[in-house]
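Take 1 as the starting number for the sequence shown in full-length UniProt numbering and just add one per residue.
Cβ atoms here follow ideal geometry from the backbone N, Cα and C, with glycine treated the same way.
Report on one structure; see the data block that follows.
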Amino acid sequence: MTALPARFMILPIAHRALHDAAAGVIENSPTAIDRAVRAGYGIEIDLQLSADGVPMVFHDDTLDRLTGETGPVRDRMARDLCDIRLSGSEDRIPTLQQVLDRIGGAVPLLIELKDQSNGMGEADTRLEEATASLLADYPGDVAVMSFNPHMVAAMQRLAPGCPRGLTTCGYVPSQWPRLSPETCDTLRAIPHFEAVGASFISHDWKDLGNPRVAALKAQGIPILCWTVKSPEVEVEARRIADNVTFEGYLPPVPATGD
1 MTALPARFMI
11 LPIAHRALHD
21 AAAGVIENSP
31 TAIDRAVRAG
41 YGIEIDLQLS
51 ADGVPMVFHD
61 DTLDRLTGET
71 GPVRDRMARD
81 LCDIRLSGSE
91 DRIPTLQQVL
101 DRIGGAVPLL
111 IELKDQSNGM
121 GEADTRLEEA
131 TASLLADYPG
141 DVAVMSFNPH
151 MVAAMQRLAP
161 GCPRGLTTCG
171 YVPSQWPRLS
181 PETCDTLRAI
191 PHFEAVGASF
201 ISHDWKDLGN
211 PRVAALKAQG
221 IPILCWTVKS
231 PEVEVEARRI
241 ADNVTFEGYL
251 PPVPATGD
C-alpha cells in the first residue's frame with residue numbers, strides 16, 4: 001500500500017476541475033484545470049480511452065452530453081477527440097498528457113479511471129497501462145482511483161508506487177442499472193479494499209454513515225468524499241470525511257496547503 005500524500009487531505013478537491021458551465025468553463029476542460037490551479041485547489045479528473053489507446057480527460061463514455069457529437073468516446077481516435085469542442089466553450093477535449101503538462105505538480109491531482117467493462121467486471125487494461133506509463137515520471141502529487149476494483153488491481157500491478165483508492169458509495173440498485181442487485185450488495189461493503197492495495201476511499205457523502213466507512217476510518221484510512229455542493233454540506237461531510245471533492249461553490253484554501 002502506497003500512502004496518499006498529505007496534500008490530498010489539506011486542499012479541497014475541485015470535482016472535474018473548477019468548472020462553471022454558466023461562465024463557459026466546462027467540466028474536465030483545460031480552462032477548468034487552469035482555474036483550479038490558480039485558486040490553489042486540488043483537482044479531480046476522469047479518464048476515458050480513445051480508439052488508439054490514449055487516456056482522454058472526459059467523464060462520460062459517450063460524447064452526447066458535453067459536445068455536439070454523438071457516440072462512444074472509445075470509437076474515436078485521440079487526434080479527432082482533441083478537435084471536438086466542449087459545448088458552451090472554446091475548449092477541446094484534452095488528453096491526460098496535456099493536463100499533466102498544465103498542472104506540472106502545482107496542486108494534487110486525483111484521477112478517476114472510468115469503468116471500461118460496462119459493469120464493474122474485468123476488461124482489457126489498455127487504459128490502466130497508458131495511465132501508468134504517463135504517470136511514471138510525473139513530478140507532482142497524484143493518485144488514482146476507480147469504482148471498478150479490477151482497474152485498481154491493475155494499477156497495483158502496473159504502478160505500485162502510485163497511491164490508489166476505491167471510489168465508493170451506497171450502491172442503490174436503482175442508481176446503477178448496469179449492475180445486478182447482488183453486485184450492488186457486494187460492492188456496498190467495499191470488500192476489495194485490502195486486496196487491491198488501496199490506501200484511501202472517495203465515498204459518496206450521502207452514505208458516509210456506512211459502517212464499512214467507519215471501520216476504515218478507525219484504521220486510520222483517509223476518507224475523501226464526493227460530491228459536496230454547498231458549505232453547509234461540507235460541514236456535515238467533514239464530521240467523517242478527511243477532505244471533500246466539491247463543485248458549485250468555493251471552499252476556503254487553508255494557508256497550510258502551500
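Inset, instruction - Give the straight-line distance between the Cα atoms of residue 84 and residue 77, rounded to the nearest whole angstrom. - result: When only Cα atoms are considered, residue 84 and residue 77 end up about 11 angstroms apart.
Inset, instruction - Pull up the distance between the alpha-carbon of residue 73 and that of residue 40, whole angstroms please. - result: Going by the C-alpha atoms only, they are around 30 angstroms apart.
Legend entry - residue 211 versus 112, 168, 104, residue with shortest Cα-Cα distance: 168
Inset, instruction - Could you check what DSSP says for residue 63 in three-state terms: helix, strand or coil? - result: Reduced to three states, the DSSP call for residue 63 is coil.
Inset, instruction - Please say whether residue 101 and residue 29 have beta carbons closer to each other than 7 angstroms? - result: Going by C-beta atoms, residue 29 is not nearer than 7 angstroms to residue 101.
Inset, instruction - Using beta-carbon positions only, say whether residue 223 and residue 166 come within less than 7 angstroms of one another. - result: no
Legend entry - Contact under 7 angstroms by Cβ, residue 55 with residue 47: Between residue 55 and residue 47, the CB-CB gap stays under 7 angstroms.
Inset, instruction - Report the option in 249, 213, 248 whose CA atom is closest to the CA atom of residue 239. - result: 213
Inset, instruction - Between the Cα of residue 107 and those of 219, 217, 12, 93, spot the shortest distance and give me the residue it belongs to. - result: 12
Inset, instruction - On a CA-only basis, which of 153, 158, 226 is nearest residue 322? Give me that one, please. - result: As shown, the chain starts at 1 and ends at 258. That puts residue 322 outside it, with no answer to give.
Inset, instruction - Using beta-carbon positions only, say whether residue 44 and residue 183 come within less than 7 angstroms of one another. - result: For residue 44 and residue 183, no; Cβs fall outside 7 angstroms.
Inset, instruction - Out of 221, 149, 17, state which residue places its alpha-carbon closest to the alpha-carbon of residue 113. - result: 149
Legend entry - Top-ranked residue by Cα proximity to residue 7, from 207, 143, 157: 143
Legend entry - Inter-residue spacing [alpha-carbon to alpha-carbon] between residue 140 and residue 20: 25 angstroms
Legend entry - Cα-Cα separation, residue 16 to residue 36: Distance between the alpha carbons of residue 16 and residue 36: 10 angstroms.
Legend entry - Per-residue DSSP class, three states only, for residue 95: strand
Inset, instruction - Report all residues from its chain with a CB closer than 7 angstroms to the CB of residue 24; omit the five preceding and five following residues, and keep chain order. - result: 88, 89
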